[in-house]
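In my numbering, the protein residues as written are 105 to 267.
Ideal Cβ positions, reconstructed from N, Cα and C, are used throughout, including at glycine.
Keep in mind that this is a model prediction, so the values were computed, not measured.
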Ligand SMILES: [Zn+2]
């Protein structure tokens, strides 16, 4: 369907503030997953997962969901010195850094996350715990009987505020 082609994995879209839920101001999103597309209140909407694009073309390491009105989304080319493939975001379901190839979060991702959450450290811990739970389900060597301590250290412990 032509109207949905702009809303595809790997595309970057810009949506005005009234064209998506929920957030403030226009949204520029690099799409990593299209969860669903369907009609809602007479328009075509897509439930997306991705990373917001910073004004300098880099990505926010934090992932977000957005419910986007497809006819309000415009495909954009984001000028960037870096390829999207070299951003420090996790590849699923391997949970390796897309840029470094090592177990995510790498040092660069940790630094970026600390910067993005500098005013709300508890929210970072909650976010990382969510990712850790997702990784525990997706990683083949960490089923229900595998020890979880490694993943908790890897995802969550490093970000806990030292007191
Ligand atoms: Zn990395």
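Taking 3 residues as the minimum length, the beta strand (DSSP E) runs contained wholly in the region 115–145 are 116–119 and 131–144, in order along the chain. Nearest in C-alpha terms to residue 138, of all of 191, 132 and 151, is 151. A distance below 7 Å separates the beta carbons of residue 118 and residue 178. Look at residue 192: its beta carbon is less than 6 Å from one of the heavy atoms in ligand 1. The region 178–247 contains, as complete alpha helix (DSSP H) runs of 4+ residues, the segments 211–220 and 225–242 (chain order). Residue 259 counts as buried, since at least 16 other C-beta atoms from the protein chains shown sit within 10 angstroms of its C-beta. In this structure, the beta-carbon distance from residue 203 to residue 191 falls below 7 Å. Look at residue 219: its beta carbon is at least 6 Å from all of the heavy atoms in ligand 1.
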